[in-house]
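In our numbering, the protein residues as written are 756 to 882.
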């Protein structure tokens, strides 16, 4: 309710029901629907953390840190791209013995459980 201070409780409850009680999709739907922003006074009673369940708290934390998380993922992808280009330039790319992809970073490969020398790419492991 802190994130939606001008929304009516019944509107919030209806949207929660529509989104199977998931906070993030409900928050986005309510923020995008300006017709539901009808309270004249701001809601002042904050929620108590001890009253919330774990999944809701995780969603709440994600909403608060969404921008930082997305920035981190973009930086991580950029670093991976740079590492790939550096490894390609220096001949450090490996070949997967399963799918024969010859442009795999060492860090994108993992060992077989029986033998530490037999490495396959993470894509083959997922299959």
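For every residue, glycine included, the Cβ atom is placed at its ideal position computed from N, Cα and C.
Check, Outcome
"C-alpha distance - residue 844 paired with residue 786, whole-angstrom precision", "47 angstroms"
"Counted within 10 angstroms of its Cβ, other Cβ atoms place residue 762 as buried (16 or more) or exposed", "buried"
"Opposing strand residues paired with residue 874 [DSSP bridges]", "866"
"Bounding residues of the alpha helix (DSSP H) (the contiguous stretch that carries residue 819)", "809 to 844"
"Segment contact, 8 angstroms Cβ cut-off, at least three pairs: the stretch 767 to 779 with the stretch 815 to 822", "yes"
"The stretch 819 to 834 in contact with the stretch 849 to 862 per 3-pair CB rule at 8 angstroms", "no"
"Neighbourhood of residue 814 by C-beta distance below 6 angstroms, restricted to the same chain and skipping five residues each side", "778, 779"
"Counterpart residues of residue 789 in DSSP-defined beta bridges", "Looking at the DSSP assignment, residue 789 forms no beta bridge with any residue, so it has no partner."
"For residue 771, the first and last residue of its enclosing alpha helix (DSSP H)", "764 to 773"
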